[in-house]
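Residue numbers (my numbering): 50 to 262. Just below is one structure, and these are the notes that go with it.
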Amino acid sequence: MTVSQLSFDAVDSLITRKRWSPPLYSDFATATVQVFDQSLSNTGAVLLRSSGTGITLLATAMIRPPADIQAIKSYEGNCARADSLYAGLKRARTGYAAAADVVLYERPPVKGQRMESIIMAGREVHRVTNGSAILVDNRHAKAVIVGRAGNRSNPVTKAHVKEAVERYITPPEQQGKIMPWNEHTRDACLLALAWLYDEKRRQLQEQVLEAAA
Numbered sequence: 050m051t052v053s054q055l056s057f058d059a060v061d062s063l064i065t066r067k068r069w070s071p072p073l074y075s076d077f078a079t080a081t082v083q084v085f086d087q088s089l090s091n092t093g094a095v096l097l098r099s100s101g102t103g104i105t106l107l108a109t110a111m112i113r114p115p116a117d118i119q120a121i122k123s124y125e126g127n128c129a130r131a132d133s134l135y136a137g138l139k140r141a142r143t144g145y146a147a148a149a150d151v152v153l154y155e156r157p158p159v160k161g162q163r164m165e166s167i168i169m170a171g172r173e174v175h176r177v178t179n180g181s182a183i184l185v186d187n188r189h190a191k192a193v194i195v196g197r198a199g200n201r202s203n204p205v206t207k208a209h210v211k212e213a214v215e216r217y218i219t220p221p222e223q224q225g226k227i228m229p230w231n232e233h234t235r236d237a238c239l240l241a242l243a244w245l246y247d248e249k250r251r252q253l254q255e256q257v258l259e260a261a262a
């Protein structure tokens, strides 16, 4: 029986670090991902490419319902905003984005003020991708990329997320309507980075198991 020798880098990467340190570019899987930080009023959409040596921001966008739909109150308004979001998501999934290796979106929290909005918006992402989109937990993403998930006494702020995301992703030169760079698109990037990190570790674990077989 032939036994493959694992590289030291592959083994070391599987050892859980006792103290957090920022991931390296080599810690992220190679993939093109589209990710949505979804809500019924403001959905951040990002398309990016991880090469293993860097991360390229290909596109960012905001999906918002028109003013007349925003003005509708109560549950009927949420349903109208969900329909509007679905149409926006369909547009966002066209062109180069349609060839993305994976689509990601935020896992709805178990409690909080925006639960209904995130759950209903997440349902539209699920629908537009025929159920293939992958959920990413926001608190897990913060723990991986920022270094902590945060709590009431020591929260992870928007500034913390911005600093952590921009460690890996250069903000777009043409910010604004063309390439929006705000809390929603940065939160989407955060989800993408966490998934890429987890995916690389999953791939390395597969290599370990295959080598040991």
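Even for Gly, the Cβ is constructed at its ideal location relative to N, Cα and C.
{"Check": "Do you know whose CA, among Q87, R250 and R251, lies nearest H175's CA?", "Outcome": "Q87"}
{"Check": "If you follow the alpha helix (DSSP H) that R250 is part of, which residue opens it and which one closes it?", "Outcome": "E232 to A261"}
{"Check": "What are the boundary residues of the alpha helix (DSSP H) that includes D186?", "Outcome": "Run containing D186: none; DSSP gives neither H nor E here."}
{"Check": "How is the beta strand (DSSP E) around G137 delimited, first residue to last?", "Outcome": "Careful: G137 lies outside any beta strand (DSSP E), inside the alpha helix (DSSP H) at S123 to A141."}
{"Check": "Taking buried to mean at least 16 other C-beta atoms within 10 Å of its own C-beta, is Q224 buried or exposed?", "Outcome": "exposed"}
{"Check": "Alpha carbon to alpha carbon, how far is A108 from T81? Give it in angstroms, no decimals.", "Outcome": "11 Å"}
{"Check": "I need the boundaries of the alpha helix (DSSP H) containing M111, first residue and last residue.", "Outcome": "Not the alpha helix (DSSP H): M111 falls in the beta strand (DSSP E), residues I104 to I112."}
{"Check": "I need the straight-line Cα distance from P220 to L106, nearest angstrom please.", "Outcome": "8 Å"}
{"Check": "Can you tell me which of the three DSSP states S166 falls into?", "Outcome": "helix"}
{"Check": "Go ahead and pull the three-state DSSP assignment for R172.", "Outcome": "helix"}
{"Check": "Given a cut-off of 8 Å on the beta-carbon distance, is the pair I112 and F77 in contact?", "Outcome": "no"}
{"Check": "State the Cα-Cα distance for the pair L242 and L97, rounded to the nearest angstrom.", "Outcome": "10 Å"}
{"Check": "Just to confirm before moving on: does the CB-CB distance between E155 and V185 stay below 8 Å?", "Outcome": "yes"}
{"Check": "Could you have a look at S75 and say whether DSSP puts it in helix, strand or coil?", "Outcome": "helix"}
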